[in-house]
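Residue numbers (UniProt numbering): 1 to 613. All residues carry an ideal CB built from backbone N, CA and C; glycine is no exception.
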């Protein structure tokens, strides 16, 4: 089996790594919360700080009257094999403190940085690690002292605020409660014991500590408490004799203070029989031994949590994408795969797997017919305009039988109106395709991490769509012009032609020409042209969608990124890397996930190796 020091030291190391990576809170149970720690709880001036300093063997905590601890202090003790003692703060990771008076000042300054130079409190913890050959591996959390009344400069809610903060730590099932009570006060009124009883009614997690034994009234002692008769806990009570104020003022060394503490218990007539189980050194060893027991009991659940978190982190990495390979060939392959992923989604939109493609049908089924109905054929084929066009077409030689040139001009003029709806259909489909490109890029999960590649794909796709639109516009205009270039002769052969009226006697010689231009005659010409244009309209209503789909939709499905593929294949490695330039926030997120994943894997392996070897 692993030694107690190696197992607890490993847990301490994991806790610190969790703290550095910010993995000590959030939704669900974090690894930090799953690992046991010791919360130091007591009323103001109960001697909490002195107990901590006795355990560490160093004078490093701020002192004063009233509320001194105004932020939680997460203190991690790391036992070293040899060498000097030093301290490090999480908020100043590159600075090593060897002067513990400077540690005290830094705690005070960091407290003031959040709370200001007031008597306010904050639940934002200060993280401090102390490395020394004279400590045991342990994580202790020094919490603000419980109080019963607010003093000047504090809000009325301070009593409740402090209690809620302390509860947030001691309610956790993996928290060991170190309940500090002064021996010169009635144990029944102890704030620490009262709170511990509420959150740990069975006493499984509570260790009782009696301070100020040397300050009790003459003729009294706390033997009943220390021996468990006055208030029984599952774990033994431990008595502590801290340095007196005079010793503190004289800067009495903590090593000397520990020796004086041992001498006090060994020579005390009241506590001599308990001397081997009293004092700060014994307390530290007792806590460390209990931590080992708790850790061994919790190893299966800790490993289960680690495995669950590893699975979640791997899934998150898969979602946001794994790190990019440095090899140019691998980068090119990755770019092409990302383009294919986008292309699949784009085609799903067109083919109906995703919404959007139906809007193209809407252009042909609604927009185009509506635009054709609005064409100004009635104005173009009005009696006045028909007469004007026919007369101009005849020139100096009036037509003899039928105004063929007039017919042609009227038909050409009417057919030219179809160009507008034809081009509008091209533009409408182009707009739909551009919107589908935008949506497809946004819906391609694999692309979200590469904003530069997103822009490159969007640019290439839109350039291709512009080419398709131009080819489609030429095609539909060609379709319209084809209708003008050759008229359907059979249509006119089937038209019923009225016999020409004979001129009346004494009529003007130009009578026949005048008869041809009477209203009925002009109306028949307009009606014939309108019937022919209606036939052409029906034809174009079918052929324009075919041309648009062939030139734009079909090509977009077949070769939207063909030019882009060719360009990418010719690019140098540096340009490929630039295309895979990721969002910095996403890169930072992946880095953090990778570090956490490495932490959890390492923790699992090390716990397995240390716990069961």
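DSSP, reduced to helix, strand and coil, places residue 255 within a helical segment of the structure shown.
As the crow flies, the alpha-carbon of residue 294 is around 37 Å from that of residue 320.
Counting along the chain, residue 142 sits inside the beta strand (DSSP E) bounded by residues 138-142. For residue 345 against residue 443, the beta-carbon gap comes to about 5 Å, under 8 Å, which counts as contact. Cβ contact annotation for residue 386 (same chain, cutoff 7 Å, sequence separation greater than five): 410, 522, 525 and 526, in chain order. With 16 or more other Cβ atoms inside 10 Å of its own Cβ, residue 357 counts as buried. Contact between the region 93-103 and the region 45-65 is present, with at least three C-beta pairs closer than 8 Å. In chain order, 320 place their CB closer than 7 Å to the CB of residue 589, counting only its own chain and leaving out the 5 sequence neighbours on each side. Residue 134 holds the alpha-carbon nearest to the alpha-carbon of residue 285 among 328, 134 and 430. Listed in chain order, the non-local C-beta contacts of residue 243 below 7 Å within the same chain comprise 50, 252 and 257, local neighbours out to five positions each way being set aside. By the neighbour-count criterion, in which a residue is buried when 16 or more other Cβ atoms sit within 10 angstroms of its Cβ, residue 127 is buried.
DSSP places residue 88 in the uninterrupted beta strand (DSSP E) bounded by 86-89. Look at the beta carbons and you see the region 211-227 touching the region 178-187: at least three pairs across the two are nearer than 8 Å. About 5 Å separates the CB atoms of residue 426 and residue 473; that is less than 8 Å, so the two are in contact.
Secondary structure at residue 444: coil, using DSSP grouped into helix, strand and coil. Take the alpha-carbon of residue 453 and the one of residue 581: they are about 8 Å apart. Close CB contacts of residue 347 within its chain, under the 7 Å cut and outside five residues either way in sequence, are with 557 (chain order). Judged by DSSP secondary structure, residue 211 falls within the beta strand (DSSP E) whose first and last residues are 206-211. In the three-state reduction of the DSSP assignment, residue 131 falls in the strand class. The C-alpha of residue 177 lies about 32 Å from the C-alpha of residue 312. Taking 9 Å as the cut-off, the Cβ atoms of residue 564 and residue 457 count as close. Around the CB of residue 546, fewer than 16 other CB atoms lie within 10 Å, so the residue is classed as exposed. Taking a 10 Å sphere around the C-beta of residue 279, we find 16 or more other C-beta atoms and assign the residue as buried. Counting along the chain, the unbroken alpha helix (DSSP H) around residue 51 starts and ends at 48-56. For residue 328, the closest alpha carbon among the candidates 439, 575, 609 and 586 is that of 575. Ranking 78, 271, 303 and 239 by CA distance to the CA of residue 282 puts 239 first. Beta-bridge partners assigned by DSSP to residue 182: 211. In the displayed model, residue 225 falls within a helix according to three-state DSSP.
If you check the CB distance, residue 144 and residue 170 do not come in under 9 Å. The region 152-162 makes contact with the region 113-126: 3 or more CB pairs, one atom from each, lie closer than 8 Å. The Cβ atoms of residue 136 and residue 147 lie no closer than 9 Å to each other. Restricting attention to 191, 186, 549 and 265, the CA atom closest to the CA of residue 149 is found in 191. In this structure, residue 530 sits near residue 381, with a CB-CB distance shorter than 9 Å. In the same chain as residue 214, and ignoring 5 residues on each side of it, the C-beta atoms closer than 8 Å to its own belong to 241, 244 and 264, in chain order. Counting only the Cα atoms, residue 339 lies some 11 Å from residue 332. The bridge partners DSSP lists for residue 37 are 175.
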